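Below is one structure, written out as structure tokens, with a few remarks after it.
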Amino acid sequence: GKKTIFSSCFGADNIGEEIMKRLKKEGIDCSNVTIKGDGKTPYSFVQVNKNTGERAIAFFQGSKNLASFNSGTEDSIRKSSILLIDGLLPEENLKAARCARENNIKVMIDANMLFENTKEILNYANYIITSKTFLSEYSGSDNIEYSLKKIQEEINPEILVTTLGKDGSVSLKDGGLLR
Numbered sequence: 020g021k022k023t024i025f026s027s028c029f030g031a032d033n034i035g036e037e038i039m040k041r042l043k044k045e046g047i048d049c050s051n052v053t054i055k056g057d058g059k060t061p062y063s064f065v066q067v068n069k070n071t072g073e074r075a076i077a078f079f080q081g082s083k084n085l086a087s088f089n090s091g092t093e094d095s096i097r098k099s100s101i102l103l104i105d106g107l108l109p110e111e112n113l114k115a116a117r118c119a120r121e122n123n124i125k126v127m128i129d130a131n132m133l134f135e136n137t138k139e140i141l142n143y144a145n146y147i148i149t150s151k152t153f154l155s156e157y158s159g160s161d162n163i164e165y166s167l168k169k170i171q172e173e174i175n176p177e178i179l180v181t182t183l184g185k186d187g188s189v190s191l192k193d194g195g196l197l198r
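Remember, my numbering sits 19 above the position in the sequence shown when you count from 1.
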């Protein structure tokens, strides 16, 4: 695979230590991770029902203002071929997406939650992967085809995919749904 650089900020807690240990074990460059002694590391816990495949995600935001876009983040983005953001830190993600676009770097967003400036972040995305919940919140409709077409018309990403849990995923191709 490609060389991967992880940019973030963790608290000096057990969660942060465990995440760093696992990232490094996978060969991920963590040189742009900042550790803040008084901070609490954000994390997600995913629970999957083995019978139905349904999943539930619990997200702990951690300390407010833990991460910040800085020169190290900017340098890492400039050296990249693609930037993956998750939208969970909207202001920082927006800065990173702008930096990527200014440097002709592709931007992929894994959008699971709708925040105040998510639509602005989406405007910088070449590739958008959404959850079904995000798709409904964004469009105001539970109709998947309508919702995908709305994003396609408004944002026009190169690739737009919505994950459907145990039912796989769906995207638009030639104006129709591709499952």
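Beta carbons: idealized from backbone N, C-alpha and C, even for Gly. For clarity, every value in this text was computed on a predicted model and none was experimentally measured.
Inset, instruction - Could I get the ranges of all uninterrupted alpha helix (DSSP H) runs contained in the stretch 144-174, with 4 residues as the minimum, in chain order? - result: 151-158, 163-174
Legend entry - Whether Leu113 touches Tyr143 by CB criterion (9 Å): yes
Inset, instruction - Quickly, what does DSSP pair Gln66 with across the bridge? List them, please. - result: Ala75
Legend entry - Inter-stretch contact at 8 Å, needing at least 3 Cβ pairs: the stretch 102-112 / the stretch 65-77: no
Inset, instruction - Let me know if Lys43 comes out buried or exposed under the rule of 16 or more other beta-carbons within 10 Å of its beta-carbon. - result: exposed
Inset, instruction - Evaluate contact between the stretch 26-41 and the stretch 53-67, counting only Cβ atoms and requiring at least three cross-stretch pairs below 8 Å. - result: yes
Legend entry - Those residues which DSSP pairs with Asp129 across a bridge: Ile148
Inset, instruction - Flag Asp129 as yes if its beta-carbon sits less than 9 Å from any beta-carbon of chain D, otherwise no. - result: Annotation note: the requested chain D is absent from the structure, which comprises a single protein chain.
Legend entry - Given 8 Å, three or more beta-carbon pairs between the stretch 121-133 and the stretch 149-164: yes
Legend entry - Secondary structure of Thr92, DSSP reduced to three states: helix
Legend entry - Whole-angstrom C-beta distance between Ile148 and Ile174, which should lie under 8 Å: Not confirmed; about 13 Å, so no contact.
Inset, instruction - Rank Gly72, Phe88, Cys28 by C-alpha distance to the C-alpha of Gly184 and give the top, closest one. - result: Gly72
Legend entry - Of the listed residues Ser160, Ile124, Lys59, Leu85, nearest to Ala31 (C-alpha basis): Lys59
Inset, instruction - Taking all protein chains shown into account, decide if Ile170 is buried (16 or more other Cβ within 10 angstroms of its Cβ) or exposed. - result: buried
Inset, instruction - Using only alpha-carbon positions, find the residue among Ser27, Arg198, Val189 that is nearest to Asp105. - result: Ser27
Legend entry - Check: Thr71 C-beta below 8 Å from any heavy atom of the ligand COA: Absence of the ligand COA is noted for the structure shown, with no ligands found whatsoever.
Inset, instruction - Determine the contact status of Thr182 and Ser160, defining contact as a CB-CB distance below 9 Å. - result: no
Inset, instruction - Could you have a look at Leu191 and say whether DSSP puts it in helix, strand or coil? - result: strand
Inset, instruction - Give every residue of the same chain whose Cβ lies closer than 7 Å to the Cβ of Thr137, excluding the five residues on either side of it in the sequence, and list them in chain order. - result: Gly106, Pro109, Ala130
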